[in-house]
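Residue numbers for the sequence shown, in this note's numbering: 45 to 299.
Quick reminder that beta carbons are idealized off the backbone N, C-alpha and C, glycines included.
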Amino acid sequence: SNLRMCMIQVHLDYIEAGANIIITASYQATIQGFESKGFSKEQGENLLTKSVEIAHEAREMFLKQHPDQSTPLRPILVAASIGSYGAYLADGSEYSGDYGEAGTLEFLKDFHRRRLQVLAEARPDLIAFETIPNKLEAQAYVELLEECNINIPSWFSFNSKDGVNVVSGDSLIECAKIANECAKVGAVGINCTPPRFIHSLILSIRKVTDKPILIYPNSGERYDAERKEWVGKKEHYCRGGINYRKNTIPYLSYS
């Protein structure tokens, strides 16, 4: 379909620009969300699977067109994206970490369990737990990785609005400790965060883990949940990247 080809083209654009990792279009895709729109559970699971298949297809198309690019020096990996419970709510709560009565460990595990299993069964190279807003959800992910016996490497990526804590106010260091203690988590990092905060956050993470650190900040704007748009001024993205590399931190991956 045209929509499928559009999604493939987005992945291709990233690969052609030099990306080593492409992330599936599943950040806000949940079985519960699909069911609320009239899809069956099976249809929802199939759509999650397709998000990984589409990324695989894009990689295969690129390598067929550029066989010389298939080398150990340039891996092209597919990461299955898992957004937070707040991303499913689509009310901006992934930028606050305030889940109200839903903020219990067992609720979050029940919410994410089947989605994690379905995405893992689609055989991505990585699983990306993105924009994690609080310590509780990080703990839920760790327990699910163990309970579901997920053997695909994953990364945990948190977000911050003050350069010290994650957006809920929980300590980033405490959140990073949770990720560090799980052998199934291969990297810890920051995403969807103003570039000006990244350097201090990297230093905080490095205090509690020797795992690779990944960063993919936003443009510096702030998300307005009521208007559902980004507001404020952009920051100089490339200048920030140079600063991160200059001051670091072994194993830093900048993407």
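Using 8 angstroms for Cβ pairs, my map puts residue i next to residue j. What's the rounded Cβ distance?
i	j	result
LEU188	LEU160	6 angstroms
PHE200	ILE176	6 angstroms
ALA164	ILE194	5 angstroms
VAL96	THR68	5 angstroms
LYS228	ALA184	Their Cβ separation, rounded to whole angstroms, is 14 angstroms, which puts LYS228 and ALA184 out of contact at 8 angstroms.
ILE249	ILE257	6 angstroms
LEU170	SER198	7 angstroms
VAL232	ALA220	5 angstroms
Using the DSSP secondary-structure output, state which residues sit across from residue i in a beta bridge.
i	result
ILE120	According to DSSP, which records beta bridges pairwise, ILE120 is partnered with nothing at all.
LEU149	Per DSSP, none; premise fails for LEU149.
TYR260	ASN235
SER125	ALA172
ARG266	VAL275
ILE66	VAL122
SER215	ASN209
Given a threshold of 16 other Cβ atoms within 10 Å of its Cβ, counted over all protein chains shown, does residue i qualify as buried or as exposed?
i	result
PRO294	Because the pLDDT of PRO294 is 44, which lies under 50, any placement of that residue in the model is unreliable, and the number read from its coordinates should be weighed accordingly. With fewer than 16 Cβ atoms within 10 Å of its Cβ, PRO294 is classed as exposed.
ASN291	Low per-residue confidence applies at ASN291: pLDDT is 46, beneath 50, and the placement is therefore not dependable enough to give any value.
PRO119	exposed
ASN235	buried
LYS108	exposed
MET49	exposed
VAL210	buried
LYS255	buried
ALA166	buried
HIS55	buried
GLY62	exposed
ASN203	buried
PRO111	exposed
GLU174	buried
SER84	exposed
GLU138	buried
GLU270	exposed
Which stretch, first to last residue, makes up the beta strand (DSSP E) that contains residue i?
i	result
PHE301	In this structure the chain extends from 45 to 299, so residue 301 is not present and cannot be described.
GLY62	Note, GLY62: premise wrong, no beta strand (DSSP E); not H, not E.
PHE78	Segment 75-80 is the alpha helix (DSSP H) holding PHE78; no beta strand (DSSP E) there.
Terminal residues of the continuous alpha helix (DSSP H) containing residue i?
i	result
TYR185	179-191
THR93	85-109
TYR129	129-133
ILE171	Segment 170-176 is the beta strand (DSSP E) holding ILE171; no alpha helix (DSSP H) there.
SER45	Careful: SER45 lies outside any alpha helix (DSSP H) and carries neither H nor E.
ALA227	No alpha helix (DSSP H) contains ALA227, which DSSP labels as neither H nor E.
ARG250	242-250
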